[in-house]
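Reviewing the structure listed below.
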Amino acid sequence: MSADMERALEAALFAAEEPMSAEALAGFLRDAPIEEVREGLRALAAHYEVRGIRLVERGGRWHFETAPDLAHFLRRTREQVRKLSRAATEVLAIVAYHEPVSRAEIESIRGVQTSSGTLDVLMEEGWVRIAGRRESPGRPTIYATTPAFLDHFGLASRRDLPGIAELRAAGLLDPVEDAYDDLMGAGEDTDQSADRGDPTDV
Amino acid sequence: MSADMERALEAALFAAEEPMSAEALAGFLRDAPIEEVREGLRALAAHYEVRGIRLVERGGRWHFETAPDLAHFLRRTREQVRKLSRAATEVLAIVAYHEPVSRAEIESIRGVQTSSGTLDVLMEEGWVRIAGRRESPGRPTIYATTPAFLDHFGLASRRDLPGIAELRAAGLLDPVEDAYDDLMGAGEDTDQSADRGDPTDV
Amino acid sequence: MSDSASLFGEDAQDRTRGDEALYLELDGWEGPLDLLLDLARRQKVDLRSISILALVDQYLTYIDEAEALKLELAADYLVMAAWLAYLKSALLLPKEEQEDPSPEELALKLQLRLQRLGAMREAAARLMGRDRIGRDVYLRGNPEGLEIARRTRWRCDQFALIEAYGRVKARTAPAVHMVRERPVMTLDSALDRVSAMLGVTLDWMRLEEFLPPHAEPRLRKSALASSFVAALELARLGRAEIAQDEVFGPLRLRRVAG
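Protein chains in written order, with our numbering: chain A, 1 to 202; chain B, 1 to 202; chain C, 1 to 258.
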């Protein structure tokens, strides 16, 4: 078996658009003797045995394919980091503060309908999990946070989440604070409060 | 360089539908160090040197192709490349050796008007692209070659264009006016000729 | 063709055909410069050392014979012929009668142009002769393809989380709406004030004259609104008449006597 035969078979099989039989290959190679072609194919297959691609025979026809143990190199995941949407952040916060909660409870706390995609995003990210079903009419699915959630947000436990009193002290319940100010007749910030807009329509 | 790296590169390049840069390949190989990838590519290319297929670099991107000496086995069934007209081959050569180049410059070299169809054919083939406009009076469109041009003609880079170094050394890529000034040894107006920019008025 | 010297064209692409064939190839030329290049190559010397005078003669002879054969020549071939005839006569003139640019300069530039075209013709031939994909080398017939999946990683931090909860709580807390006390003139007091003032005079008065003087702006606005409604009410009761001479003009008011 000549090296030329092996090279010619290699090129022909590489360029072929579909698997080729030994007979078809012999036709390419100036009608080379079929036995030489078969021998060449075996030698070629042996050469590729240890490489990243392999020469395989399926139903009498030969083709190159990538080695199966390398399949994971042919796929690549490109990661794209994006800021979690406002809606998703709110849902995540509600799950964290109230877990376990059903979707209906989340909606009633948020005061807005929650798209199912929002919970999916949080579960895909590994921050929220399904925590079973509530033993109440309709047996709704209930959701809770995961250990990965605590890790990511730097919380030792859910007890680390600030309480309502702390939130208010931190000014995180601002719109309510303003209403309180108004009640107390805080004088000159009328214009400011006019600018703020309706705090309920968010 | 590990055998694993070589195998993984081999598989990825085999499976790829387009030429791949070392950077893109590194992305598939779990962000392997780029130097290891380059080293692997060189080793792989060396391995295939004597075989029926070859690993080649074109414009910084790598692909496998059949060895050129085996063309006669493969031509039979493969579609022949479209034959370019003489005008088109000349225009292509002028774009490649002079890029970026305006249509007026092409015409001044050929001494004949270039039909817009000629450039269209080359752009359709994917070998020539519009490379912006020249910042000179009339802001003419300028043309350059593409990575597909390098691929098709088996050029690692434009430096591989046949004879380009000799042509440049002989001044044959300079406009006639510059060459004339050089020949006349016009010492004092070198600056002028450098400023001239638009070599179309020959 | 193998070496760089051939780039200058002495042996490149020499069309080996007889002179008779030459005349039948008129369509084959890519313009007069192309014809000149081919004629120059027939001199079998480096393009740098061709004789321009001989080349001009060859070209003019070619054009003459083509015309004798009644071949149709495109205008640019004739323009080139005229220019070359001029160049030839200028080259033969005594030096002192020459103008600028000199015929030598023109001849040299023509030679430079021919060299450049020759170089590109040669380059094109060598380019086309390379191992080309689809003709000499082939790509993989049926590649499996590589797959790039996109995955989004979400970014969020503790502060954003807690702030979001605060936002939800603030939004859904029972809303308390407070109306701040503000200086107003009620409709009743406006009615009293306007009817009292109307009693003082029978003349037309502008509505603004019924407003309390020196009132602060917000009170003045309220008083204007209330007084206007009061005026309408008095008019309805037949106790006053209202006039306005033009759109947005001053509203005037007077008591209906009786």
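A virtual CB, placed ideally from N, CA and C, is assigned to each residue, including glycine. Bear in mind that the values here come from a model prediction, so they are computed numbers and not experimental data.
Where in the stretch 38-124 of chain A do unbroken runs of the beta strand (DSSP E), each at least 3 residues long, occur, reported from the N-terminal end onward? 53-58, 61-66, 75-83
Can you tell me whether THR61/C is helix, strand or coil according to DSSP? helix
Taking 9 angstroms as the cut-off, decide whether the C-beta atoms of TRP154/C and VAL91/A are in contact. no
Give the range of the beta strand (DSSP E) segment to which GLY132/A is assigned. 128-133
Given that GLU10/A touches chain B, what residues does it touch there, using C-beta distances under 7 angstroms? In chain order: ARG51, GLY52, ILE53.
Quick check on DSSP: helix, strand or coil for TYR138/C? coil
Does THR186/C get closer than 9 angstroms to chain A when you measure Cβ to Cβ? No, its Cβ sits nowhere closer than 9 angstroms to a Cβ of chain A.
Could you give the C-beta distance for TYR138/C and LEU74/B, rounded to a whole number, given that I count them as a contact under 8 angstroms? 5 angstroms
With a cut-off of 9 angstroms, does the C-beta of LEU70/A fall near any C-beta of chain B? LEU70/A belongs to the set of residues whose beta carbon lies under 9 angstroms from a beta carbon in chain B.
Looking at chain A, which residues of the stretch 129-141 of chain C have a Cβ within less than 8 angstroms of any of its Cβ atoms? TYR138, LEU139, ARG140, GLY141
So, helix, strand or coil for SER21/B, using DSSP? strand
In terms of DSSP beta bridges, what is ARG255/C paired with? ARG255/C pairs with ALA240/C.
May I have the straight-line CA-CA distance separating ALA107/C from THR118/B, to the nearest angstrom? 30 angstroms
Pull up the CB-CB distance for LEU33/C and LEU55/C, whole angstroms please, since I reckon it's below 8 angstroms. Not really, about 12 angstroms apart at Cβ, beyond 8 angstroms.
Step through the CB atoms of chain C and report whether any lies within less than 9 angstroms of the CB of GLY132/B. At a cut-off of 9 angstroms between C-beta atoms, GLY132/B does not count as an interface residue with respect to chain C.
Short of 7 angstroms in beta carbon distance, which residues of its chain neighbour ARG134/B, apart from the five on each side in sequence? Order them along the chain. Annotation for ARG134/B: SER102, PRO140, ILE142 place their beta carbon closer than 7 angstroms to its own, counting only its chain and skipping 5 residues before and after.
Separation of ALA8/A from LEU55/A, as counted between CA atoms: 14 angstroms
Below 9 angstroms between beta carbons: does that hold for ALA144/A and PRO100/A? yes
Where the stretch 22-50 of chain B meets chain A: residues whose CB sits under 7 angstroms from a CB there: GLY27, PHE28, LEU29
Mind checking if THR146/B is an interface residue toward chain C, Cβ cutoff 9 angstroms exclusive? no
Interface partners of GLN58/C on chain B, CB under 8 angstroms: Per Cβ cutoff of 8 angstroms: no residues; GLN58/C is ~17 angstroms from chain B at best.
Under 7 angstroms between beta-carbons, which chain C residues line up against THR66/A? List them in chain order, please. Chain C residues near THR66/A: GLU144.
Using the beta-carbon of each residue, which ones in chain C are nearer than 9 angstroms to GLY154/B? Going along chain C in sequence order, the residues near GLY154/B (Cβ under 9 angstroms) are ARG130, ASP131, ARG132, ILE133, ASP136, VAL137.
DSSP three-state call for THR172/C: helix, strand or coil? helix
Say whether chain B places a C-beta atom closer than 9 angstroms to the C-beta of GLU79/A. Chain B, which has no Cβ nearer than 9 angstroms to the Cβ of GLU79/A, makes this no.
Inspect the beta-carbon positions of ALA223/C and ALA190/C and report whether they are closer than 9 angstroms. Going by C-beta atoms, ALA223/C is nearer than 9 angstroms to ALA190/C.
Grab the span of the alpha helix (DSSP H) containing ALA11/A for me, first residue to last. From DSSP, the alpha helix (DSSP H) with ALA11/A extends over 3-15.
Integer Cβ distance of GLY52/B from SER21/B, believed to fall under 8 angstroms: That belief does not hold up - the Cβ atoms of GLY52/B and SER21/B are roughly 25 angstroms apart, past 8 angstroms.
Apart from the five residues just before and just after ASP76/C, which ones in its own chain have a Cβ nearer than 8 angstroms to its Cβ? GLY31, PRO32
Whole angstroms are fine: how far does the CA of PRO175/B sit from the CA of PRO137/B? Approximately 18 angstroms between the Cα atoms of the pair.
Is it right to say PRO103/C is buried, meaning 16 or more other beta carbons lie within 10 angstroms of its own, or is it exposed? Taking all protein chains in view, the Cβ of PRO103/C is crowded by 16 or more other Cβ atoms within 10 Å, so the residue is classified as buried.
Under 9 angstroms, do THR146/B and ALA124/C count as touching if we go by C-beta distance? no
Please name the residues in the stretch 104-123 of chain B whose beta-carbon is closer than 7 angstroms to at least one beta-carbon of chain C, in chain order. ILE109, ARG110, GLY111, VAL112
Output needed for THR66/A: all residues of its chain with C-beta closer than 7 angstroms, excluding positions within five of it in sequence on either side, in chain order. GLY52, ILE53, LEU74
Could you tell me whether the Cβ of GLU99/C comes closer than 9 angstroms to any Cβ of chain B? no
Closest to MET123/A by C-alpha separation, out of VAL95/A, ARG158/A, ARG76/A, would be which residue? Considering only alpha carbons, the answer is VAL95/A.
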